[in-house]
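One structure below.
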Amino acid sequence: MSDSAPLTTDHPGQVASATPPAPGRSRRLSDRWLAVAFTSPALLLLLAMSVFPLLWALYLSFTDYSATRGGPAQFLWFENYTAILTSPQVHQRALTTLIYVVGAVALQTVLGFAIAYLISRRTHGRGLLTTLFLVPMMLSPVVVGLFWRFMLDAQFGVINSMLGSLGLGQVEWLTRQRTALLSLVLVDTWQWTPFIMLIALAGLTAVPKYLYEAASIDRASEWFQFRTITLPLVWPLLLIAVLFRAIEAFRLFDLVYILTSGGPGVSTETLSFHVYKVAFLGFNTGTASAYGILMVIVVIVLTQLYLRYLNKLKED
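Each residue of the sequence shown is one higher than the one before, starting from 1 at the first, in the UniProt record's numbering.
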């Protein structure tokens with residue numbers, strides 16, 4: 001038998017024969033279809049858990065649907081929205097929510113940035129201090145609410161016991177209108193100040209050291225370095241933390257439910273807690289859905305305006 005002649009080509013760089021397709025792989029099963037097959041379950045779950053409830057709530061907001069009433073819902077168009085926007089009770093709840101958000105976020109920002117600035121100037125024990133300050137943020141809001149509810153108790157609370165030992169009078173923290181909202185602000189500040197501190201500490205750590213060295217060579221004061229170097233470089237990152245905290249504070253529910261249940265009276269009834277009462281105590285599902293849609297619109301509009309300010313600040 002003669003040996004088979006080897007395959008030759010006219011050009012040395014030319015491939016002699018095409019590589020055969022891999023056995024066992026369908027031509028129809030391309031990389032694109034594989035990506036679709038693997039991502040489809042996650043997308044379907046996202047649609048089922050997020051998009052569909054939002055669209056269903058939008059539909060219910062135009063009806064008089066009630067979870068406890070039988071029969072079909074009647075389409076009301078914009079009557080729910082008109083009743084909400086013209087209600088004096090809603091205006092009072094919105095004012096309470098605004099006071100709470102501004103007070104809590106402002107106090108958390110000042111304290112968080114101050115603590116982060118002091119920690120950033122330490123060379124030893126920085127990690128231990130940061131971990132200790134982060135403990136309140138790791139706790140559940142329900143646990144925090146119960147913890148502070150016992151501490152702020154008018155008769156048996158630790159806070160009033162300390163005030164009594166100092167010769168000061170006892171304070172009804174959770175049962176007076178003047179102090180109930182203040183107590184909510186203080187408890188929320190205790191829990192979420194570490195969040196602002198953590199982001200501010202990351203920004204302070206990222207500031208280049210050569211800027212401070214150049215300022216020290218020019219004999220710039222500490223206040224001048226803080227005002228011209230530290231604050232301008234950390235300010236954009238701090239504003240992002242403020243945005244996150246403002247959104248969370250705007251939809252506060254758990255602390256109100258545990259500490260005051262909206263009382264005394266309605267002095268601590270925020271919008272989120274009011275929506276809970278309308279939906280699950282009054283069973284006005286259509287009206288509660290309109291509340292939720294309006295709150296989403298307010299958050300989206302304010303967030304877009306805030307982000308535009310951040311982009312303008314970044315360009316400047």
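Idealized CB from N, CA, C, for every residue including glycine.
Cβ shell of residue i (< 7 Å), same chain only, five flanking positions each side left out
i	result
residue 185	100, 103, 104 and 107
residue 275	288, 291 and 292
residue 285	60, 65, 66, 67 and 279
residue 133	115, 194 and 197
residue 8	In this prediction, residue 8 has a pLDDT of 45, which is less than 50 and means its spatial position is unreliable; nothing more can be read from the coordinates.
residue 246	101 and 105
residue 82	none
residue 119	126, 129, 130 and 201
residue 231	none
residue 117	204
residue 258	142, 145, 146 and 149
residue 170	154, 160, 163 and 164
Sheet register partners of residue i (DSSP bridge)
i	result
residue 39	Its beta-bridge partners do not exist; DSSP assigns none.
DSSP state of residue i mapped onto helix, strand, coil
i	result
residue 63	strand
residue 75	strand
residue 218	coil
residue 272	helix
residue 85	helix
residue 1	Bear in mind that the predicted position of residue 1 carries a pLDDT of just 43, short of 50, making it unreliable; the figure below should be weighed with that in mind. Coil at residue 1, not helix or strand.
residue 245	helix
residue 69	coil
residue 172	coil
residue 45	helix
residue 236	helix
residue 263	coil
residue 251	coil
residue 231	helix
residue 139	coil
residue 30	coil
residue 145	helix
Same chain, Cβ closer than 8 Å to residue i, neighbours up to 5 away in sequence not counted
i	result
residue 78	62
residue 202	237
residue 84	90, 287, 290, 291 and 294
residue 234	113, 200, 203, 204 and 207
residue 74	63 and 64
residue 50	none
residue 313	235, 236 and 239
Enclosing alpha helix (DSSP H) for residue i [first to last residue]
i	result
residue 164	158-165
residue 225	222-225
residue 155	Looking at the DSSP string, residue 155 is not in any alpha helix (DSSP H), and its letter there is neither H nor E.
residue 132	126-133
residue 254	254-259
residue 177	177-206
residue 300	285-315
residue 93	88-120
Any chain B beta carbon closer than 7 Å to residue i
i	result
residue 310	Included in the structure is just one protein chain, with no chain B present.
Own chain, CB closer than 6 Å to residue i, minus 5 neighbours either side, in chain order
i	result
residue 144	191
residue 111	193
residue 315	none
residue 253	272 and 273
residue 2	Residue placement at residue 2 cannot be trusted, given a pLDDT of 45 that sits under 50; what the coordinates show is reported in the next sentence. Cβ within range, chain order: n/a, list empty.
residue 241	196 and 199
residue 307	none
Any non-hydrogen atom of the ligand MN closer than 6 Å to residue i Cβ
i	result
residue 146	What this structure holds is no ligand at all, so the ligand MN is not there to describe.
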